[in-house]
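Here the structure is laid out as structure tokens; the discussion comes afterwards.
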Amino acid sequence: MTSEQARALIEERFAASVAADGGALAVTVPPERWLELGRVAKDPLGCLYFAFSTAVDWKEQGLEVVARVENLDAGWSLTMKTRLGTERAACASLVPVWRGADWMERECYDMFGIRFEGHPDLRRILLPQDWEGHPLLKSYAVDTPHPPYR
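Position 74 (the sequence shown) corresponds to 73 in numbering that gives the first Met the number 0; numbering is contiguous.
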């Protein structure tokens, strides 16, 4: 499938605008359609390679989850985004679609506090289990003492 065909299919199926820059596509969907977009990206779009998943804290606008997947055979990529807002810090896990999303979602949980519903093992991966807070949130106080670290 070409990137042009993928763009048309996403726009039709999700009623969302797809930005295109050469072989790179980008689309934002609501959190309730996140897993559906992941499934469509894998089959029929053919994005078998899960490159990465991360999050961004936009402070007033809330959290955003970003994942990039690639169709290596056709030579194009898809950046998937979903805005969680300020009240909601949860979205569906992409682990049922790509096993490679496992540790990256755990990192987002650890650093941002995003709960990935349906994740098989959602627990901290970088910080100790008793660590309080999520350090990459803009609301996290940088001077918070965490013995023996500070």
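Positions of the beta carbon are idealized from the N, C-alpha and C atoms, including for glycine.
Buried or exposed (CB count within 10 angstroms, at least 16 for buried), residue i
i, result
"Arg149", "In this predicted model, Arg149 has a pLDDT of only 49, less than 50, meaning its place in the structure is not dependable enough to derive any value."
"Gly21", "exposed"
"Leu77", "buried"
"Asp109", "buried"
Span of the alpha helix (DSSP H) around residue i
i, result
"Leu36", "Trp33 to Lys41"
"Ala140", "It is not in any alpha helix (DSSP H) - Ala140 carries neither H nor E in the DSSP assignment."
"Asp101", "Ala100 to Phe111"
Residue i - containing beta strand (DSSP E), residue span
i, result
"Ser2", "Counting along the chain, Ser2 falls outside any beta strand (DSSP E), though it belongs to the alpha helix (DSSP H) covering Ser2 to Phe13."
"Leu24", "Ala23 to Thr27"
"Val17", "Val17 to Asp20"
Which residues DSSP lists as bridging residue i, in chain order
i, result
"Arg82", "Glu63"
"Glu116", "Ala91"
"Glu69", "Tyr48 and Ser76"
Within 9 Å, strictly: CB atoms of residue i and residue j
i, j, result
"Ser52", "Val65", "yes"
"Pro43", "Met0", "yes"
"Pro119", "Val94", "yes"
"Leu83", "Gly117", "no"
"Val68", "Phe49", "yes"
Selection from the options that minimises the alpha carbon distance to residue i
i, options, result
"Lys137", "Ala54, Leu47 and Ala7", "Ala54"
"Arg6", "Asn70, Gly99 and Pro144", "Asn70"
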